[in-house]
Amino acid sequence: EAQVTQNPRYLITVTGKKLTVTCSQNMNHEYMSWYRQDPGLGLRQIYYSMNVEVTDKGDVPEGYKVSRKEKRNFPLILESPSPNQTSLYFCASSSSIKTGTDTQYFGPGTRLTVL
Amino acid sequence: GESVGLHLPTLSVQEGDNSIINCAYSNSASDYFIWYKQESGKGPQFIIDIRSNMDKRQGQRVTVLLNKTVKHLSLQIAATQPGDSAVYFCAENNNAGNMLTFGGGTRLMVKP
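First to last, the sequence lines map onto chains F and C.
Going by this note's numbering, the first residue of the first sequence is number 60, and it counts up by one from there.
Going by this note's numbering, the first residue of the second sequence is number 96, and it counts up by one from there.
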């Protein structure tokens, strides 16, 4: 089954404690992306990757890091989480965001709370 | 499930009626637009897309209309069903086509 998986699904942590949210896709997609979703603000793109070893900032990259060492994985790293990073996070992948014919598949979401 | 938004615009329709959800986009250079559906506790799900060289595209029970003059996008759902209840987002492709920018979302509630 084609899917995007994220782990963990729920995480409560404290300010300053480094954490990683993993994302993996089994569709051999080149494009992967991270979004955060907040009430009243919709989905905002954090980082994206067009291919292995290629990453770019989205609209809200501050406080986040990503890496793309393998095609299937795109972890989101919070080196020093702060309460304003409490949010619902989604990973997504697509074979290409530009063709107009390729669906962008989203993972199930990770609910992060930073105390 | 996960809360998507506490103060989303809400459209309430009777089961069987047609629904129209509207979206205004910001970038006149955007050339690709997508509608997503998000049910409670789930990630957004692709519904339909349209390129800027088209003004209408139809899928199964859904139609997307694009008006580039006023930068407006709409999603029409025919014979709305209870399973259509969800939050709907429009998204536009910008930044040389490498990023999606999402609208704030509209909650559709279908009354039986």
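All C-beta atoms in this analysis are idealised placements derived from N, C-alpha and C, irrespective of residue type, glycine included.
Inset, instruction - Give a yes or no on contact between the segment 87-98 of chain F and the segment 112-119 of chain C, applying the rule of three or more CB pairs nearer than 8 angstroms. - result: no
Inset, instruction - Could you list the residues in the segment 129-154 of chain F with a C-beta less than 9 angstroms from some C-beta on chain C, going in chain order? - result: 147, 149, 150 and 151
Inset, instruction - Enumerate in chain order the residues of its own chain whose CB-to-CB distance from residue 189/C is below 6 angstroms, with the five nearest sequence positions on each side excluded. - result: 122, 125 and 196
Inset, instruction - Mark residue 146/F as exposed unless 16 or more other C-beta atoms lie within 10 angstroms of its C-beta, in which case mark it buried. - result: buried
Legend entry - chain C contact for residue 159/F (CB, 7 angstroms cutoff): Residue placement at residue 159/F is flagged as unreliable, the pLDDT there being 49, under the threshold of 50; a coordinate-derived value is accordingly withheld.
Inset, instruction - Figure out for me which residue from 100/F, 139/F, 151/F and 101/F has the closest Cα to the Cα of residue 72/F. - result: Here the closest residue by C-alpha is 139/F.
Legend entry - Cutoff 7 angstroms: residue 102/F Cβ touching any chain C Cβ: yes
Inset, instruction - Kindly indicate which three-state DSSP category residue 163/F falls into: helix, strand or coil? - result: coil
Inset, instruction - Please list the residues of the segment 107-118 of chain F that have a C-beta atom closer than 8 angstroms to any C-beta atom in chain C, keeping them in chain order. - result: So the list reads 107, 109, 115, 117 and 118, given in the order they occur along the chain.
Inset, instruction - Could you work out which residue in 150/F, 88/F, 131/F and 141/F is closest to residue 137/C when comparing CA atoms only? - result: It is 150/F.
Legend entry - CB contact below 7 angstroms: residue 168/F versus chain C: yes
Inset, instruction - State the DSSP-derived secondary structure class of residue 179/C, mapped to helix, strand or coil. - result: helix
Inset, instruction - Run down chain C in chain order and give the residues with a C-beta less than 9 angstroms from the C-beta of residue 163/F. - result: 129, 131, 139, 141, 186 and 195
Inset, instruction - Taking residue 116/F as part of the beta strand (DSSP E), name the residues at either end of that continuous run. - result: 113-116
Legend entry - Beta carbon proximity, residue 200/C to chain F, threshold 7 angstroms: yes
Legend entry - Burial state of residue 106/F (16 or more Cβ within 10 Å): Using a 10 angstroms sphere on the CB of residue 106/F, the tally of other CB atoms reaches 16 or more, which defines it as buried.
Legend entry - Spatial distance of residue 170/F from residue 131/C (CA atoms): 20 angstroms
Inset, instruction - Quick one: grab the DSSP three-state call for residue 148/C. - result: coil
Inset, instruction - Find out if the Cβ-Cβ distance for the pair residue 131/F, residue 114/F is shorter than 7 angstroms. - result: no
Inset, instruction - Assign residue 155/C to one of three DSSP states: helix, strand, or coil. - result: Of the three classes helix, strand and coil, the one that applies to residue 155/C here is coil, per DSSP.
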